[in-house]
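Asks:
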Ligand SMILES: Cc1ncc(COP(=O)(O)O)c(C=O)c1O
C-alpha cells in the first residue's frame, strides 16, 4: 500500500491523527483558537509545569548556562548541573547512581545497546509503552510478550527460555490503563530465573509512594529486587528529559555503551538545574498527592453514581473504554464542543477494539471540573 492509500485507510478506519494547536496553556486549562478548555489529557500530574518557583529557577539558570545542551554528554555537554541532578536522583530513588537522558523514549531505547545481545530474550507485558517494545524490537535480541499483568504466563516463558539471557521489562503504572504491574511477584520471578528486571515508572513517580518515588517505593522494592528503574521528567516533574537509575556498574555500562545517551545532544543544563529543584517539590508534594488521591476517589464515585462503566484503575490515569475507534473520536469531539479536552486513544497505541478516552486527573483539577466531565460523558452516552 502506498502512503496516500495508507493515510486514506486510516481516515476511513477512524484512526487518522490530528494535532491540535494549543495557543496557550495554564494550570488545568488550554486555549485553542481563542476558546478555553479544561485539559484532561495532560501528564502534568502535580501541576509543576507552571510552578512559579520552577519557572524562576529556569530563568535564572538560563542566564547562567544559556538555553542549549551544546553537545553530547561525552563531548562537552556534561555539566555540573547534570552531575548534581544525577546525584539528587540517586538519593531520591534510593539507588546507587543515575544517568540523565534527553527523553524517556531514548532512555528505554538505551536498553537495546547495553543489555541485549543475540542470546537475549526480552520478556515484556503486552501493554507496555511503545518505547519499551521498541527497545527490544530494535535490538539484536528477541522480544516475547506475556499477557497483561499475568505472572503465570510470565513464569511459563521464563521457564521455557531459561537457557537464554533473560531481561524482563514492564511499565510500573501502565500508561494507557492506569493499573499497576504486579511488581512484587514479577521481582520474585526475576530473582528465581536470574532475569534482569527493568521497570519504567514514568507515570508512577511523583504520584505514588510517601515521597513520590513511585510504585517501587509504595511496594517497598529496593535496588537488589529491581536493578533498573527508569522514569521521565515529562510527567510529574513538569519538564522533559528522563533518567535510568541502578547500580554504579549498570550506570557505568550505560555511559560507555548506550547509543541513545552517547549520540545525542545533552539535556540543557538550565533544565537540569530546574529538574533538580523539581525533585524537591515532588518530595514535598504531599498536599498535591492528597488532592490527587481524593480527586481519583471522587471521579470513580461520580462515574458509579452516573451508572457509567468505571475502569478498575485506581490511579490518576482513568481509561473510559469505548471500543470502536470512530465512536471514541465522536465522544471526544462531543466533549470538546462542551469545552472539555479529552483525547481519544486508538490503535496502534492500544489494542484493537479498546479505543478509549484516557482521562488524566491531576492535582490541579477540582471536583467541579470532574463533575462537569462525568456529566458530559453521561449525557453523550444517554443520547446513544
Ligand atoms: C511508560 C512510558 N515510558 C516512556 C515514555 C516516553 O517518555 P518521554 O515522553 O520522556 O520520551 C512514556 C511517554 O508517554 C511513557 O508513558
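In my numbering, the protein residues as written are 41 to 424. Note that CB positions come from ideal geometry on N, CA and C, so glycine has one too.
Would you report the Cα separation of residue 406 and residue 257, rounded to the nearest angstrom?
Replies: Counting from one through the chain shown, the residue named residue 406 turns up at place 366. Counting from one through the chain shown, the residue named residue 257 turns up at place 217. Approximately 27 angstroms, taken between the alpha carbons.
Asks: Indicate, with yes or no, if ligand 1 has a heavy atom lying under 7 angstroms from the CB of residue 411.
Replies: Here residue 411 corresponds to residue number 371 of the chain shown, with the count starting at 1. Checking every heavy atom of ligand 1 against the Cβ of residue 411, none is found closer than 7 angstroms.
Asks: Using 7 angstroms as the cut-off, classify the Cβ of residue 243 as near or not near the heavy atoms of ligand 1, replying yes or no.
Replies: Translated into the one-based positions of the chain shown, residue 243 becomes position 203. Residue 243 Cβ: within cutoff of ligand 1.
Asks: Taking the CB atoms as reference points, tell me whether residue 361 and residue 396 lie closer together than 8 angstroms.
Replies: In the chain shown, counting from the first residue as 1, residue 361 sits at position 321. In the chain shown, counting from the first residue as 1, residue 396 sits at position 356. Yes; because the gap between Cβ atoms is below 8 angstroms, this pair is in contact.
Asks: Between the stretch 387 to 396 and the stretch 59 to 74, are three or more C-beta pairs nearer than 8 angstroms?
Replies: The stretch 387 to 396 is not in contact with the stretch 59 to 74.
Asks: What residues in its chain sit with their C-beta under 6 angstroms from that of residue 169, if we drop five residues either side in the sequence?
Replies: Start at 1 with the first residue of the chain shown, and residue 169 comes out as number 129. Result list for residue 169: 211, 215, in chain order.
Asks: Would you mind listing the alpha helix (DSSP H) stretches within the stretch 250 to 302 that are 4+ residues and don't spill past its ends, in chain order?
Replies: Listed in chain order, they are 255 to 258, 288 to 297, 299 to 302.
Asks: Just the Cα atoms here: how many angstroms apart are residue 345 and residue 414?
Replies: One-based indexing of the chain shown puts residue 345 at position 305. One-based indexing of the chain shown puts residue 414 at position 374. Those two C-alpha atoms are separated by around 10 angstroms.
Asks: With respect to 7 angstroms, is the separation between the Cβ of residue 187 and the closest non-hydrogen atom of ligand 1 below this value?
Replies: Stepping through the chain shown from its first residue, residue 187 is reached at position 147. Every heavy atom of ligand 1 is 7 angstroms or more from the Cβ of residue 187, so no.
Asks: List the endpoints of the continuous beta strand (DSSP E) containing residue 165.
Replies: Mapped onto the chain shown, residue 165 falls at position 125. 160 to 165 is the extent of the beta strand (DSSP E) around residue 165.
Asks: Go ahead and pull the three-state DSSP assignment for residue 338.
Replies: Reading the chain shown from its first residue, position 298 is the one you call residue 338. It is helical.
Asks: What are the start and end residues of the beta strand (DSSP E) that includes residue 77?
Replies: Counting from 1 along the chain shown, the entry for residue 77 is found at position 37. Unbroken beta strand (DSSP E) run through residue 77: 75 to 79.
Asks: When you get a sec, list the residues whose CB is within less than 5 angstroms of any heavy atom of ligand 1, chain order please.
Replies: Qualifying residues come out as 143, 144, 145, 169, 171, 211, 215, 240, 242, 272, 274, 282.
Asks: Could you check which residue in 70, 121, 114 has the C-alpha nearest to that of residue 4?
Replies: The requested residue 4 does not occur in the structure, where the chain is confined to residues 41 to 424.
Asks: Given residue 343, which residues of its chain have a CB within under 7 angstroms of its CB, disregarding the five upstream and five downstream residues?
Replies: On the chain shown, position 303 is the one that residue 343 refers to. So the qualifying residues of the chain are 350, 414.
Asks: Residue 363 by DSSP, collapsed to three states: which one?
Replies: Translated into positions along the chain shown, residue 363 becomes position 323. In this structure, residue 363 counts as strand in the three-state DSSP scheme.
Asks: Our contact map puts residue 56 next to residue 332 with C-beta atoms below 8 angstroms; I'd like the distance itself, whole angstroms only.
Replies: The count along the chain shown starts at 1 and reaches residue 56 at position 16. The count along the chain shown starts at 1 and reaches residue 332 at position 292. The pair is not a contact, with the Cβ atoms about 33 angstroms apart (cut-off 8 angstroms).
Asks: Between which two residues does the alpha helix (DSSP H) holding residue 50 run?
Replies: Within the chain shown, residue 50 is the residue found at index 10, counting from 1. Where residue 50 is concerned, the enclosing alpha helix (DSSP H) stretches over 43 to 52.
Asks: Please list, in chain order, all residues of the same chain as residue 291 whose beta carbon is under 6 angstroms from its beta carbon, the five residues on each side excluded.
Replies: In the chain shown, the residue the question calls residue 291 occupies position 251. 137, 139.
Asks: Taking the DSSP output, what are the residues bridged to residue 409?
Replies: Start at 1 with the first residue of the chain shown, and residue 409 comes out as number 369. According to DSSP, which records beta bridges pairwise, residue 409 is partnered with nothing at all.
Asks: Just to confirm, are residue 410 and residue 348 a CB contact at a threshold of 8 angstroms?
Replies: Position 370 of the chain shown, counted from the first residue, corresponds to residue 410. Position 308 of the chain shown, counted from the first residue, corresponds to residue 348. No. Outside cutoff.
Asks: Report the three-state DSSP secondary structure of residue 423 (helix, strand or coil).
Replies: Along the chain shown, one-based indexing puts residue 423 at 383. If DSSP states are grouped into helix, strand and coil, residue 423 belongs with coil.
Asks: Give the single residue among 339, 389, 365 whose Cα lies nearest to the Cα of residue 408.
Replies: Mapped onto the chain shown, residue 408 falls at position 368. Comparing Cα-Cα distances from residue 408 to each of 339, 389, 365, the minimum goes to 339.
Asks: Name the two residues that bound the continuous beta strand (DSSP E) containing residue 132.
Replies: Here residue 132 corresponds to residue number 92 of the chain shown, with the count starting at 1. Counting along the chain, residue 132 falls outside any beta strand (DSSP E), though it belongs to the alpha helix (DSSP H) covering 120 to 133.
Asks: What does the Cβ neighbour count give for residue 423, buried or exposed, with the cut at 16 atoms within 10 Å?
Replies: Taking the first residue of the chain shown as position 1, residue 423 is located at position 383. Its Cβ having fewer than 16 others within 10 Å, residue 423 is exposed.
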